[in-house]
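If you count the sequence shown from 1, position 91 lands on 94 in the numbering used here, and the numbers rise without skipping. Beta carbons: idealized from backbone N, C-alpha and C, even for Gly. Quick caveat: nothing in here was measured; it's all calculated off a predicted structure.
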Amino acid sequence: MINDTTAGVWFKRVMWLGILANLALALPTIAAPDFMIDRVGLPTATPVLWPRFAGLLLVILSVFYTPAGTDIDRYRIVAWFAIGSRLAGVLFFLPQATYRMFGLFDGIFLVPQLLLLLVAINGATGTLAAKPAGSGA
Numbered sequence: 004m005i006n007d008t009t010a011g012v013w014f015k016r017v018m019w020l021g022i023l024a025n026l027a028l029a030l031p032t033i034a035a036p037d038f039m040i041d042r043v044g045l046p047t048a049t050p051v052l053w054p055r056f057a058g059l060l061l062v063i064l065s066v067f068y069t070p071a072g073t074d075i076d077r078y079r080i081v082a083w084f085a086i087g088s089r090l091a092g093v094l095f096f097l098p099q100a101t102y103r104m105f106g107l108f109d110g111i112f113l114v115p116q117l118l119l120l121l122v123a124i125n126g127a128t129g130t131l132a133a134k135p136a137g138s139g140a
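In structure tokens, the structure reads:
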């Protein structure tokens, strides 16, 4: 059953927006790390392999988000892991002044995803509980 509550639909939209935002940050970092580092005003990284590797890890992480972006009931644990990894990004980067923007980036997606997931789960559970037993729907 696909969660078709309003919150479920919006959770998936925000999840996909986050995936696309991750890729928009990660792919240029892999292709042109020096340009991206200069563009966002970060300190120079040496060797440049490390920013590229961080971009690769962000691409891989984004791929793992995709099941939750399609069916939050079937892949609820993935949805919770996505929330957890956004929270980890906030907690890791926010206290570090130089890299705070990455914490804020994750926070922008964490807050709505968490709220929408909680409402979607509650809405789907309430919908299922309201159906009579054996209704087949």
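Indicate the three-state DSSP secondary structure (helix, strand or coil) for residue i in the structure shown.
i: Ser72; result: Sequence check: residue 72 is Gly here, not Ser. Reduced to three states, the DSSP call for Gly72 is coil.
i: Val51; result: coil
i: Gly44; result: coil
i: Gly126; result: helix
Is the distance from the Cβ of residue i to the Cβ of residue j below 8 Å?
i: Asn6; j: Leu61; result: no
i: Gly57; j: Thr32; result: The identity of residue 57 in the sequence shown is Ala, whereas the question assumes Gly. Yes.
i: Ala2; j: Ala91; result: Outside the shown range of the chain, which is 4 to 140, sits residue 2, and nothing can be said about it.
i: Ile40; j: Pro50; result: no
i: Gly126; j: Thr8; result: yes
i: Phe95; j: Arg103; result: no
i: Gly11; j: Ile75; result: yes
My assumption, with CB atoms under 8 Å, is that residue i sits in contact with residue j. Please give the rounded CB distance.
i: Ile22; j: Thr69; result: 7 Å
i: Gly106; j: Val122; result: Contact flag wrong, Cβ pair sits at about 24 Å.
i: Leu120; j: Ser88; result: About 13 Å; that fails the 8 Å criterion.
i: Thr101; j: Pro46; result: 7 Å
The segment 110-118 in contact with the segment 12-21 per 3-pair CB rule at 8 Å:
yes
Any alpha helix (DSSP H) of 4 or more consecutive residues that is wholly inside the segment 6-41
9-34
Mind listing, in chain order, the continuous alpha helix (DSSP H) runs of no fewer than 4 residues lying wholly within the segment 53-122?
79-96
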